[in-house]
Amino acid sequence: MTIKDAQTTVDDWIKTVGVRYFNELTNMAQLTEEVGEVARIIARRFGEQSEKESDKNKDLGDELADVLWVLICLANQTGVDLTEAFQKNLDKKNIRDATRHLTNDKLK
Numbered sequence: 299m300t301i302k303d304a305q306t307t308v309d310d311w312i313k314t315v316g317v318r319y320f321n322e323l324t325n326m327a328q329l330t331e332e333v334g335e336v337a338r339i340i341a342r343r344f345g346e347q348s349e350k351e352s353d354k355n356k357d358l359g360d361e362l363a364d365v366l367w368v369l370i371c372l373a374n375q376t377g378v379d380l381t382e383a384f385q386k387n388l389d390k391k392n393i394r395d396a397t398r399h400l401t402n403d404k405l406k
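Under the working numbering, think of the first position of the sequence shown as 299, with each following residue one higher.
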């Protein structure tokens, strides 16, 4: 599935099953909530905090997909073509960071 396909799939689902998009502010709050769920898993599974029994069955992939879903919703409702935006962002990084990381002594 391409990014464009994902944007179309989410839009179709929202307009049929979801009835309509939540407003942008609600979706921003939802995105923050979903990122928090990802952070909780990462902090406990890969960080120094111990994992609670109730968190051990949490699926990181599913939580990341929730983040992607809400991000796509925000892009759709604000008219952002994520394929185009991502390509522009990659181009920017390739110019700005062409040697930055290669010459960073902290990464050696």
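Don't be surprised by glycine CBs; every beta carbon is placed ideally from N, CA and C. Small disclaimer: the values here were computed from a predicted structure and weren't measured.
Quiz item: With respect to the alpha helix (DSSP H) encompassing Met326, which residues constitute its N-terminal and C-terminal limits?
Solution: Where Met326 is concerned, the enclosing alpha helix (DSSP H) starts and stops at Glu322 to Arg343.
Quiz item: Under a three-way DSSP split, which group does Lys350 fall into?
Solution: Three-state result, Lys350: coil.
Quiz item: Beta carbon of Asn325, beta carbon of Cys371: below 8 Å?
Solution: Contact: yes.
Quiz item: What three-state label does DSSP hand Ala304 in the structure shown?
Solution: Reduced to three states, the DSSP call for Ala304 is helix.
Quiz item: DSSP state of Thr401, grouped into three classes?
Solution: The DSSP-derived three-state label of Thr401 is coil.
Quiz item: Would you call the region 332-342 and the region 352-367 in contact, with 3 or more CB pairs under 8 Å?
Solution: A contact is defined here as three or more CB-CB pairs under 8 Å, and the region 332-342 meets this definition with respect to the region 352-367.
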